[in-house]
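Novice:
Residue numbers (the numbering used here): 19 to 177.
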């Protein structure tokens, strides 16, 4: 159900933040994405911003330094950063790529759902042929193509 997908999403967010914190040098390519992901949990958004700032400011920062500094921002940081279960058994580069893709795919799916809901509202109010509706059709089609491409390329962990 919806709560299952929400809890899966939150778990992927936590795992991604943990993988970034545990592998700050490997996380460097993902720093710009930390600001663009639609974080569901306010704590995760805060920690993403912290990671981006801290690793950008010091690209050779240690895991210990990162976690210690983050705990000054919020006491919950340590639990999130050290709580990743997937980091124990996966190569950091592969794990980071996998989790990043999961989050981006989820964000695009959510955007498509919002666009479809808006389009339905326009159709129900007689504005189904408006410029806004045309723009939504185009955006939904583009997003679906992007999703299909990403999903085809997205590999499960361990394969």
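Where is the CB? At the ideal position from N, CA and C, for every residue including glycine. The model shown is predicted, which means the values in this text are computed figures rather than measured ones.
Roughly how many angstroms lie between the CA atoms of residue 38 and residue 103, to the nearest whole one?
Specialist: 13 Å
Novice: Measure the C-alpha to C-alpha separation of residue 118 and residue 86 and round it to an integer number of angstroms.
Specialist: Spanning the two alpha carbons is a distance of roughly 24 Å.
Novice: Looking only at its chain, what residues have a beta carbon closer than 7 Å to the beta carbon of residue 51, apart from the 5 residues adjacent to it on each side?
Specialist: Only residues of its own chain outside the window of five on either side were considered, and among them 118 have a CB closer than 7 Å to the CB of residue 51, listed in chain order.
Novice: Enumerate in chain order the residues of its own chain whose CB-to-CB distance from residue 41 is below 6 Å, with the five nearest sequence positions on each side excluded.
Specialist: 110
Novice: Report all residues from its chain with a CB closer than 7 Å to the CB of residue 124; omit the five preceding and five following residues, and keep chain order.
Specialist: 27
Novice: Tell me whether residue 172 sits in a helix, a strand or coil according to DSSP, three-state version.
Specialist: coil
Novice: How would you write the range of the alpha helix (DSSP H) that residue 124 sits in, first residue to last?
Specialist: From DSSP, the alpha helix (DSSP H) with residue 124 extends over 110-142.
Novice: Using only the alpha-carbon positions, how far apart do residue 122 and residue 55 sit?
Specialist: 7 Å
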